[in-house]
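Asker:
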Amino acid sequence: MAFIGLKVPHEIARLLAQVDYGGLGQPEPTEHYHVTVAYFGDELPIERLAGIITSTFRVASRTKPFMVETKRVTTFPPHPENKTVPVICRVESEGLHALRDALLGQFRKDGVEFDQKFKDFKPHVTLAYTKPGDGAEQAAGLDQEIPTISWGVGEIVLWGGDSGDDKLVVSFPFSLTNLEKQAAYRAVVRIALARGS
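Right under this line is the structure:
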């Protein structure tokens with residue numbers, strides 16, 4: 000499977016794993032926590048991934064870091080085929096929506112194919128999957144507020160390859176403009192001088 004997403008930092012994943020959703024279903028390992036931004040399908044050849052990498056680099060190099068947050072645990076409707084119900088934390092961020100719009104626009108411009116099965120972008124972190132008889136019925140009505148958890152995003156990641164997501168992982172760090180880099184450098188220097196370093 001190949002997709003672009005946000006990796007959830009370890010300390011945030013630890014907090015999300017503590018969210019009480021009634022222990023329904025099979026929890027996802029915290030190292031798998033991510034927010035999918037664009038999906039490309041299964042078993043992609045490396046030649047196709049090269050186009051995805053080029054387009055993603057173009058967008059990431061002009062994207063500034065932004066914040067995301069979650070404050071609600073809920074579910075998606077049951078999967079039509081296997082009836083599993085994912086337990087999720089919804090993710091909110093104007094910056095994330097802007098990033099997705101920029102990526103999809105660049106993919107279209109560059110002729111990069113991407114999955115368009117889900118028309119509405121509903122960013123989330125999947126905490127668990129429930130199956131019929133294993134909490135799916137109870138999970139279907141889950142919708143509760145949780146304390147707000149926020150984190151900064153400074154990169155996007157491409158997972159994928161010919162044999163699943165263990166074949167290729169590419170991180171694309173975001174960038175600051177030259178003026179912002181200079182301002183950040185000056186701020187660091189001021190702090191260092193103030194501390195007597």
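Numbers 0 to 196, taken from numbering that gives the first Met the number 0, label the letters of the sequence shown in order.
Note that beta-carbon positions come from the ideal geometry of N, C-alpha and C, so glycine has one too.
(1) Considering just the uninterrupted stretch of the alpha helix (DSSP H) at R57, what are its terminal residues?
(2) Suppose contacts are defined by Cβ-Cβ distances below 8 angstroms. Is G4 in contact with V152 by that definition?
(3) Buried or exposed: K6, going by 16 or more other Cβ atoms within 10 Å of its Cβ?
(4) Using 8 angstroms as the threshold, is the C-beta distance between I145 and K70 below it?
(5) For H123, report the span of its beta strand (DSSP E) as first-last.
(6) Our contact map puts G200 next to V111 with C-beta atoms below 8 angstroms; I'd like the distance itself, whole angstroms only.
(7) Could you compute how far the alpha carbon of K116 sits from the alpha carbon of A193?
(8) For a test of your reading of the model: does the CB of P122 fall under 7 angstroms from any non-hydrogen atom of the ligand GTP? Yes or no.
(9) Buried or exposed: S170, going by 16 or more other Cβ atoms within 10 Å of its Cβ?
(10) Run through DSSP, which three-state label would T62 get?
(11) In its own chain, which residues sit with a C-beta less than 7 angstroms from the C-beta of L48, not counting the 5 before and 5 after it?
(12) For Q143, which beta-bridge partners are listed by DSSP?
Answerer: So, from the listed chains and residues:
(1) I45 to A59
(2) In this structure, the beta-carbon distance from G4 to V152 does not fall below 8 angstroms.
(3) buried
(4) In contact: I145 and K70 (Cβ atoms closer than 8 angstroms).
(5) Per DSSP, H123 is one residue of the beta strand (DSSP E) stretching across H123 to T129.
(6) The chain is shown from 0 up to 196; residue 200 falls before or after that span and cannot be answered.
(7) 54 angstroms
(8) Annotation note on the ligand GTP: not contained in the displayed structure, which lists no ligands.
(9) exposed
(10) coil
(11) A1, G159, G160 and L167
(12) V72
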